[in-house]
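Asker:
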Amino acid sequence: AQSVAQPEDQVNVAEGNPLTVKCTYSVSGNPYLFWYVQYPNRGLQFLLKYITGDNLVKGSYGFEAEFNKSQTSFHLKKPSALVSDSALYFCAVRDRTGGKLIFGQGTELSVKP
Amino acid sequence: ETGVTQTPRHLVMGMTNKKSLKCEQHLGHNAMYWYKQSAKKPLELMFVYNFKEQTENNSVPSRFSPECPNSSHLFLHLHTLQPEDSALYLCASSQVTRDSSTSTDTQYFGPGTRLTVL
Chain E
691 AQSVAQPEDQ
701 VNVAEGNPLT
711 VKCTYSVSGN
721 PYLFWYVQYP
731 NRGLQFLLKY
741 ITGDNLVKGS
751 YGFEAEFNKS
761 QTSFHLKKPS
771 ALVSDSALYF
781 CAVRDRTGGK
791 LIFGQGTELS
801 VKP
Chain A
45 ETGVTQTPRH
55 LVMGMTNKKS
65 LKCEQHLGHN
75 AMYWYKQSAK
85 KPLELMFVYN
95 FKEQTENNSV
105 PSRFSPECPN
115 SSHLFLHLHT
125 LQPEDSALYL
135 CASSQVTRDS
145 STSTDTQYFG
155 PGTRLTVL
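Top line first, the protein sequences correspond to chains E and A.
Residues in the first sequence are numbered consecutively from 691, following this note's numbering.
Residues in the second sequence are numbered consecutively from 45, following this note's numbering.
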């Protein structure tokens, strides 16, 4: 069965510092991996996805994520955090046989000035 | 902003009421989804429509009834709900291929309807 884990409920970062939001997954075969962001009172916005190829994926708003097959991880990163990055971040995984998209429980990112 | 709109944005209803949530996508997609988002819980997939056909009903109680009249519109009809049904209901759409193994179908979400059941 597919599953996604986001081990941290909350991540606190100072503005200008690098940020990492962690995600690990379990899926049969090679996965499709996604990151979404949710601002207060809004729906989820697509940030980036990994399909195949280069393990480092670049997405919207300066975010990137690194696919690590051996560690079954897909951590979200940004070199320099902004206060406006404060939001709820969701990792999601889907297998390549047409299974449904499975979301993690979300990580709340708080960036302080 | 994402090309997926939902109405109403907020809804308060009693347990005996009947109401409907509406979703419309302007992206030309052929698949639409309903999700339930409750506090401190992962998103729960409720229903999936591919090419206007319902392909997934994720053990959702019958008090939730979906309707997909065409590929651009999706409804969620609500009746005799319970207070625990209070949540944010999100609609999403994506473009899928008939060969699901090749479909990367990024899902695009609407802003959600915040439902409160009294």
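Beta carbons: idealized from backbone N, C-alpha and C, even for Gly.
1. Looking at chain E, is there any beta carbon in it that lies within less than 9 Å of the beta carbon of Asp29 (chain A)?
2. Helix, strand or coil for Glu128 (chain A)? Go by DSSP, reduced to three states.
3. Per DSSP, what kind of secondary structure is Ser137 (chain A) in: helix, strand or coil?
4. So within the segment 704-731 of chain E, which uninterrupted alpha helix (DSSP H) runs reach at least 4 residues, ignoring any that extend past its ends?
5. State the Cα-Cα distance for the pair Phe724 (chain E) and Phe108 (chain A), rounded to the nearest angstrom.
6. Alpha carbon to alpha carbon, how far is Ala782 (chain E) from Thr150 (chain A)? Give it in angstroms, no decimals.
7. If we define contact as Cβ-Cβ less than 9 Å, is Leu134 (chain A) a contact residue for chain E?
8. Do three or more CB pairs link the segment 764-778 of chain E to the segment 707-724 of chain E at distances below 8 Å?
9. Assign Leu120 (chain A) to one of two classes, buried (16 or more other C-beta atoms within 10 Å of its C-beta) or exposed (fewer than that).
10. Please report the straight-line C-alpha distance between Glu100 (chain A) and Arg784 (chain E), rounded to a whole angstrom.
11. So what does DSSP say about Ser103 (chain A), is it helix, strand or coil?
12. Measure how close the beta-carbons of Gln163 (chain A) and Ala131 (chain A) come, nearest whole angstrom, since I'm counting them as under 8 Å.
13. Verify whether the separation of the beta carbon atoms of Leu772 (chain E) and Glu698 (chain E) is less than 9 Å.
Answerer: With the given structure in hand:
1. Lying before the first or after the last residue shown, residue 29 (chain A) is absent from chain A, which here runs from 45 to 162.
2. helix
3. strand
4. none
5. 28 Å
6. 11 Å
7. yes
8. yes
9. buried
10. 15 Å
11. coil
12. Since the first residue of chain A shown is 45 and the last is 162, residue 163 (chain A) is not available in this structure.
13. no
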